[in-house]
Amino acid sequence: MRILAQRVKEAFVHIEEQEVARIAHGLVVLLGIEADDTGDDIQYLIQKLYQMRIFPDHEGKMNKSIADVD
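Right, dumping it as structure tokens:
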């Protein structure tokens, strides 16, 4: 299992030239799952991603998690 996360100011998904999703400030996450991966493996990665401090605080330091920035 692999996970790739990118902080974005905005992002959107187009399918056949039609926008189907859009976000403002947040994360774009690509998740690769194999047949051998379990629900526990997925939960572990989700929890780890949720707790990562990858957003800047008021001083510009990467000190806030997804939960902190909503």
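Taking the working numbering, the leading residue of the sequence shown gets 39, the next gets one more, and so forth.
Every residue, glycine too, gets a C-beta built ideally from N, C-alpha and C.
Extent of the continuous alpha helix (DSSP H) to which residue i belongs
| i | result |
| --- | --- |
| Gly77 | 77-89 |
| Ala49 | Careful: Ala49 lies outside any alpha helix (DSSP H), inside the beta strand (DSSP E) at 49-53. |
Rounded Cβ spacing between residue i and residue j (contact assumed at less than 8 Å)
| i | j | result |
| --- | --- | --- |
| Val46 | Leu65 | 7 Å |
| Met39 | Ile71 | 6 Å |
Boundaries (first-last residue) of the beta strand (DSSP E) holding residue i
| i | result |
| --- | --- |
| Ala62 | Premise fails: Ala62 is in no beta strand (DSSP E) and is neither H nor E. |
| Ile71 | Note, Ile71: premise wrong, no beta strand (DSSP E); not H, not E. |
One or two residues paired with residue i in a DSSP bridge
| i | result |
| --- | --- |
| Lys102 | Phe93 |
| Val46 | Gly64 |
Beta-carbon proximity check, residue i vs residue j, cutoff 8 Å
| i | j | result |
| --- | --- | --- |
| Ser103 | Gln81 | no |
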